[in-house]
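Residue numbers (the numbering used here): 115 to 212.
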């Protein structure tokens with residue numbers, strides 16, 4: 115495993131921890147990673163939409179714009195899957211906080 119791969123993995127894991135704490139910027143960053151394939155992750159528009167959606171709910175207007183942009187390249191079924199994943203993420207965060 116190369117150093118750049120380890121650094122990319124660390125970045126994703128760090129952003130995931132911050133996202134789990136509800137950090138809107140981390141949620142947005144994960145959306146960017148999944149929509150572009152940055153930091154060594156595979157492009158996954160469902161995951162990207164999920165994270166942009168969560169960041170938008172947290173108040174980031176740029177995330178709502180990014181979500182709308184990638185939705186143009188998604189099917190209705192994929193968008194539905196992304197919305198369900200966002201609801202599941204929110205539910206898991208609420209259970210952790212309780």
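Ideal Cβ placement from N, Cα and C applies to all residues, glycine included. Keep in mind it's a predicted model, so treat the numbers as computed, not measured.
Residue 189, DSSP secondary structure in three states: Coil.
For residue 171, the first and last residue of its enclosing alpha helix (DSSP H): For residue 171, the enclosing alpha helix (DSSP H) begins and ends at 159-171.
Helix, strand or coil at residue 248 [DSSP, three-state]: There is simply no residue 248 to check, as the chain begins at 115 and stops at 212 in what is shown.
C-beta atoms of residue 164 and residue 133 nearer than 7 Å: Taking a C-beta distance under 7 Å as the contact criterion, residue 164 and residue 133 do not qualify as a contact pair.
Reduced DSSP category for residue 136 - H, G, I as helix; E, B as strand; rest coil: Note: residue 136 maps to coil in three-state DSSP.
Residue 183, buried or exposed, once every other Cβ within 10 Å from all chains shown has been counted against 16: With fewer than 16 Cβ atoms within 10 Å of its Cβ, residue 183 is classed as exposed.
Same chain, Cβ closer than 7 Å to residue 146, five either side skipped, listed in chain order: The residues are 152.
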